[in-house]
Amino acid sequence: MNITKCLFPAAGYGTRFLPVTKAMPKEMLPILTKPLIQYGVEEAVEAGIDTMAIITGRGKRAIEDHFDISYELEHQIKGSSKEHLLDEIRALISKCTFTYTRQIEMKGLGDAILKGKVLIGHEPFAVVLADDLCINENGHGVLAQMIALYKKYKCSIVAIMEVPAEETYKYGVIDGKEIEEGVFMVSNMVEKPEPSEAPSNLAIIGRYILTPEIFEMIKSTKPGKNGEIQITDALMHLAQSGMVLACKFEGKRFDCGSVEGFVEATNYLYNVSYNQEN
Ligand code: G1P
């Protein structure tokens, strides 16, 4: 079955960016001239996905407006020298459908994904955490790489990268056996372990391919780290009852949920896009 839907959990408060996120969704923070979430949608479209399922919450209406036509703006800009600035977003909107539902209470990433069931139905799907901006200048994006692997193994997959041992407390961390270069069969998964308890330094980043069984697994998952329902714990149950893979990806990943990563992503993209033009 082809993967045609991508879930974007986007209900979080973005407290690390206060006060800017007081009245503005963190997913709308701009990296150059595009909001963070648009990069995620572009990555999904590049991977052949045409339906974006976005989990929003209170104060997130700007996301819906961004992926819609602004008639007033279209009217103002039509025929002017600025009109081309809308070309990219117009083209993107024309390629996909956007669906939305709200997470009423913040009960963790696992709970946010479960809320997406109504938009996904019973089929495999991708998940993008828009905070993690992934760029592969030399080829396919991370989701496209994961979908290629899904076609081969037909199971849930998480994207991983090596992190310094002292940073494991920021991530879900896996352990497993390498079954082909850069691909691990997961035997253990721990959400945000202290370095002394981490099973490895292979950290999960915000890209997942999930089979629909995950919804039942999440339902039976008890609150874990920080009292939240963790997708890492639900995936661990899935790994125990079936198979979950973890794959290293080609490309760069910026943690745009932190100010430092956000600035790095901005500088990086400025250098590749603007400096090349000059
Ligand atoms: C979430 C996941 C974590 C993963 C991380 C990737 O954590 O719970 O397992 O490693 O995303 O960015 P968050 O960063 O939302 O706290």
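Using my numbering, read the sequence shown as starting at 1284 and increasing by one per residue. Even for Gly, the Cβ is constructed at its ideal location relative to N, Cα and C. Just so you know, these numbers come straight off a predicted model, no measurement behind them.
Buried/exposed call for residue i, threshold 16 Cβ in 10 Å
{"i": "I1332", "result": "buried"}
{"i": "L1416", "result": "buried"}
{"i": "P1447", "result": "exposed"}
{"i": "V1546", "result": "exposed"}
{"i": "K1288", "result": "buried"}
{"i": "T1380", "result": "exposed"}
{"i": "H1349", "result": "buried"}
{"i": "L1290", "result": "buried"}
{"i": "G1362", "result": "exposed"}
{"i": "V1303", "result": "exposed"}
{"i": "P1407", "result": "buried"}
Distance cut-off 7 angstroms: residue i Cβ against heavy atoms of ligand 1
{"i": "D1351", "result": "no"}
{"i": "A1486", "result": "yes"}
{"i": "G1399", "result": "no"}
{"i": "D1394", "result": "no"}
{"i": "D1458", "result": "no"}
{"i": "G1362", "result": "no"}
{"i": "I1514", "result": "yes"}
{"i": "Y1454", "result": "yes"}
{"i": "Y1422", "result": "For clarity, residue 1422 is Gly in the given sequence; the question names Tyr instead. Checking the Cβ of G1422 against ligand 1 gives no."}
{"i": "L1412", "result": "yes"}
{"i": "D1415", "result": "yes"}
{"i": "E1366", "result": "no"}
{"i": "G1323", "result": "no"}
{"i": "G1489", "result": "yes"}
{"i": "E1474", "result": "yes"}
Residue span of the beta strand (DSSP E) that contains residue i, given as start and end
{"i": "S1524", "result": "Looking at the DSSP string, S1524 is not in any beta strand (DSSP E); the run it does join, the alpha helix (DSSP H), is 1514 to 1524."}
{"i": "R1462", "result": "A small fix is needed here, since residue 1462 is Ile in this sequence, not Arg. Looking at the DSSP string, the run of the beta strand (DSSP E) that includes I1462 is 1455 to 1463."}
{"i": "A1336", "result": "1334 to 1339"}
{"i": "S1439", "result": "1439 to 1445"}
{"i": "M1468", "result": "1466 to 1474"}
{"i": "A1409", "result": "1408 to 1411"}
{"i": "A1486", "result": "1485 to 1493"}
Where the alpha helix (DSSP H) through residue i begins and ends
{"i": "E1371", "result": "1370 to 1378"}
{"i": "V1328", "result": "1319 to 1329"}
{"i": "L1392", "result": "1392 to 1398"}
{"i": "E1496", "result": "1496 to 1502"}
{"i": "A1529", "result": "Segment 1527 to 1531 is the beta strand (DSSP E) holding A1529; no alpha helix (DSSP H) there."}
{"i": "D1348", "result": "1344 to 1349"}
Counting pairs of beta carbons, one from the segment 1484 to 1499 and one from the segment 1390 to 1402, are three or more of them closer than 8 angstroms? In short, these stretches touch, since the Cβ pair count reaches three.
Three-pair Cβ contact test at 8 angstroms for the segment 1447 to 1462 versus the segment 1419 to 1431: A contact is defined here as three or more CB-CB pairs under 8 angstroms, and the segment 1447 to 1462 fails this definition with respect to the segment 1419 to 1431.
Is it the case that the segment 1437 to 1454 contacts the segment 1526 to 1543, given that we only count it when at least three CB pairs across the two stretches are under 8 angstroms? Using a Cβ-Cβ distance cut-off of 8 angstroms, the segment 1526 to 1543 and the segment 1437 to 1454 are in contact, since at least three pairs of beta carbons, one from each stretch, lie closer than that value.
Touching by the beta-carbon criterion (3+ pairs, under 8 angstroms), the segment 1373 to 1393 and the segment 1504 to 1512: Verdict: yes, contact present.
Any 3 or more C-beta pairs closer than 8 angstroms across the segment 1306 to 1319 and the segment 1331 to 1347: Yes, the segment 1306 to 1319 is in contact with the segment 1331 to 1347.
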